[in-house]
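Here the protein sequences come in this chain order: P and Y.
Using full-length UniProt numbering, read the first sequence as starting at 1 and increasing by one per residue.
Using full-length UniProt numbering, read the second sequence as starting at 1 and increasing by one per residue.
The beta carbon of each residue, even a glycine, is placed where N, CA and C say it ideally should be.
Protein chains: 2
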Amino acid sequence: MNEVLKQGSATTASRIYEMLRQDLLDGRYAAGERLSIALLRETYEVGLSPLREALSRLAAYGLLRQENQRGFRVLELSRDELADITEMRRQLEGKALELAVKHGDEEWESQLLAANHRLLKACSHTPVVEWEELHSRFHNALVAPCGSVWLLRFISQLHDQFDRYRRSAPRAQGLRHQLDAQHQELVELALARNARRARELLEEHITLSSEVAQESCR
Amino acid sequence: MNEVLKQGSATTASRIYEMLRQDLLDGRYAAGERLSIALLRETYEVGLSPLREALSRLAAYGLLRQENQRGFRVLELSRDELADITEMRRQLEGKALELAVKHGDEEWESQLLAANHRLLKACSHTPVVEWEELHSRFHNALVAPCGSVWLLRFISQLHDQFDRYRRSAPRAQGLRHQLDAQHQELVELALARNARRARELLEEHITLSSEVAQESCR
DNA sequence: TTTCTAGTAAAAATCGATTATTTTGCTTAG
DNA sequence: CTAAGCAAAATAATCGATTTTTACTAGAAA
């Protein structure tokens, strides 16, 4: 097979995993919905084995729930869990940002400026999914040099959980400008190496997002 | 099929998952080892599909790594990662214990005393695996009423990671008495609702375990 | 002797078919 | 008319066979 094609092709299972993860985050499937194996096979045009492996991974990751002999379900949304996720994000991302401000080098500063620039440019003229992608990248770039692999892992996982709430909230898009302003300010505080203020603002930022996201419940 | 038997039987995949998880924690498979699918099929006497689903879940959980078309490997042990896991445990379990001391009720106090009692009784006269089980239960009971599902989830995950290091350390068994003494003291501080001192001691406890666990690397 | 390549063996990944379980809809007794 | 029980359909879970990919080995050319 062609070398270039070979590079791009991971296993079928991991491709399905990524597609399903995106669609779950985008709210393509309703909270609590049961996912029919047969339907998914048709939708994603894949065989049974790789599909089930992808679903198993998503269940372990926390985006799906597997019931005894009753297949896979999308997890429900609840205010209590959103509060839990929000508080965990505040603490973990806050801590990570403090560490990142302490350890981040010039390369980090460049990446951060670049990520913020791309995000601002995509503010209103690009499709939602693209802004979401850039938004994730920005928050990831912010805490990347914190020095802890496990901290970053948990943060990503919570981010995915949070996005399920945020993206299904009706008013989510209207807040973009306000959030972007906070992103801008976060970059400035980070470059100024003001760890304490940066952390405080990030926690405010998360709380604000959470208030909007609440509208997705009930 | 019989009702009682029905109760006990989860899916084949989840049974394999639990067995493999236990064996990985017990160090039955060497760090970095490649797991042969065919061999695993014979060992656990299962079919291909549920086995692969279990392996996929374990990979998502962080006990295995799946390489492109090269199957599943046990994750390596490294001092850096142990340090990372230890620091994360200190912070997350410390925080959780503070919350548990604040929110725990009488039921919690009873459970805690019971778990500690069982652990002390099993100190030297029972097989290792049983002590390990009771040890996990004790630490779980300690932080259980912290009020955050996600915090508990991350703590369990880190505990499993940590155990891979601790259980393969040669001197791990000799420390039991010292650790048990700390467990005793933790219970007393918890019942006395001394959140600050309890947290400090738990962090010491984790650090002590970590020093022993280090011997499993290189 | 070393390096490259073709061929073969081994292993992983995927597929379609089969089996077991749950859900649904109909029938019948109360 | 309701509800329990049974049969049929639908769906999930598992299995063995097939396909694809990688790892190994031997032989030829430099």
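Query: Write down every uninterrupted run of the alpha helix (DSSP H) in the region 43-83 of chain P whose length is 4 residues or greater and which is fully enclosed by it, in chain order.; Result: 48-61
Query: Within 8 angstroms of any Cβ in chain P, is that where the Cβ of residue 7 of chain Y sits?; Result: A caution first: residue 7 of chain Y carries a pLDDT of 38, below 50, which makes its placement in the model unreliable, though a value can still be read off. Not closer than 8 angstroms to any Cβ of chain P, the Cβ of residue 7 of chain Y fails to qualify, so no.
Query: Of the residues P/158, P/115 and P/88, which one's Cα is nearest the Cα of residue 95 of chain Y?; Result: P/88
Query: Label residue 18 of chain P either buried or exposed according to how many other C-beta atoms from any shown protein chain fall within 10 Å of its C-beta, with 16 as the threshold for buried.; Result: exposed
Query: Taking beta-carbon pairs under 9 angstroms, can you tell me which members of the region 132-165 of chain P lie near chain Y?; Result: 147, 148, 149, 150, 151, 153, 154, 157, 158 and 161
Query: Quick one: Cα of residue 213 of chain P to Cα of residue 168 of chain P, how far?; Result: 8 angstroms
Query: Apart from the five residues on each side of it in sequence, which residues of its chain come closer than 8 angstroms, Cβ to Cβ, to residue 204 of chain P?; Result: 182
Query: Quick check on this structure: which residue in P/207, P/150 and P/71 has the alpha carbon closest to the alpha carbon of residue 178 of chain P?; Result: P/207
Query: Using a Cβ cut-off of 7 angstroms, pull out every chain Y residue sitting near residue 85 of chain P, in sequence order please.; Result: 150
Query: Rounding to the nearest angstrom, what Cα-Cα distance links residue 72 of chain P and residue 107 of chain P in this structure?; Result: 43 angstroms
Query: Assuming residue 155 of chain Y and residue 98 of chain Y form a contact by the criterion Cβ under 8 angstroms, report the distance between their Cβ atoms to the nearest whole angstrom.; Result: So it is not a contact: roughly 13 angstroms between Cβ atoms.
Query: Rounded to whole angstroms, what's the CA-CA distance from residue 185 of chain Y to residue 199 of chain Y? Just pull it up for me.; Result: 12 angstroms
Query: I need the boundaries of the alpha helix (DSSP H) containing residue 165 of chain Y, first residue and last residue.; Result: 149-168
Query: Short check: CB of residue 134 of chain P to CB of residue 122 of chain P, under 8 angstroms?; Result: yes
Query: Whose C-alpha, out of Y/153, Y/85 and Y/66, is nearest the C-alpha of residue 151 of chain P?; Result: Y/85
Query: Give the DSSP bridge partners of residue 119 of chain Y, in chain order.; Result: According to DSSP, residue 119 of chain Y bridges with nothing at all.
Query: Pull up the CB-CB distance for residue 81 of chain P and residue 31 of chain P, whole angstroms please, since I reckon it's below 8 angstroms.; Result: Their Cβ separation, rounded to whole angstroms, is 11 angstroms, which puts residue 81 of chain P and residue 31 of chain P out of contact at 8 angstroms.
Query: Could you check the C-alpha separation between residue 130 of chain P and residue 142 of chain P for me, to the nearest Å?; Result: 18 angstroms
Query: Spatial neighbours of residue 23 of chain Y within its chain, please: CB distance less than 7 angstroms, with the 5 preceding and 5 following residues excluded, ordered by chain position.; Result: 29
Query: Is residue 88 of chain P close to chain Y? Criterion is C-beta to C-beta, closer than 8 angstroms.; Result: yes
Query: Between P/100, P/74, P/163 and P/11, which lies nearest to residue 189 of chain P when the distance is taken from Cα to Cα?; Result: P/100
Query: Can you check whether the C-beta of residue 57 of chain Y is within less than 8 angstroms of a C-beta belonging to chain P?; Result: yes
Query: Which residues in the same chain as residue 117 of chain P place their Cβ atom closer than 6 angstroms to its Cβ, once the five residues preceding and following it in sequence are excluded?; Result: none
Query: Between residue 172 of chain P and chain Y, is any beta-carbon pair separated by less than 8 angstroms?; Result: no
Query: Give a yes or no on whether the C-beta atoms belonging to residue 10 of chain Y and residue 68 of chain P are separated by under 8 angstroms.; Result: yes
Query: Within 8 angstroms of any Cβ in chain Y, is that where the Cβ of residue 168 of chain P sits?; Result: no
Query: Which of helix, strand or coil does DSSP assign to residue 34 of chain Y?; Result: strand
Query: Can you find a CB in chain Y that lies within less than 8 angstroms of the CB of residue 52 of chain P?; Result: yes
Query: Using a beta-carbon distance below 8 angstroms, is residue 11 of chain Y in contact with chain P?; Result: yes
Query: Count the other CB atoms within 10 Å of the CB of residue 173 of chain Y; is the residue buried (16 or more) or exposed (fewer)?; Result: exposed
Query: Does any residue of chain Y have a CB that is nearer than 8 angstroms to the CB of residue 204 of chain P?; Result: no
Query: Kindly give me the distance between the Cβ atoms of residue 180 of chain Y and residue 119 of chain Y, rounded to whole angstroms, as I take these residues to be in contact under 8 angstroms.; Result: 7 angstroms
Query: What does the alpha-carbon distance come out to for the pair residue 58 of chain Y and residue 162 of chain Y?; Result: 15 angstroms
Query: So with Cβ pairs under 8 angstroms, would you call residue 22 of chain Y a contact of chain P?; Result: no
Query: Check each candidate in P/36, P/158, P/14 and P/79 and name the one with the smallest Cα separation from residue 136 of chain P.; Result: P/158
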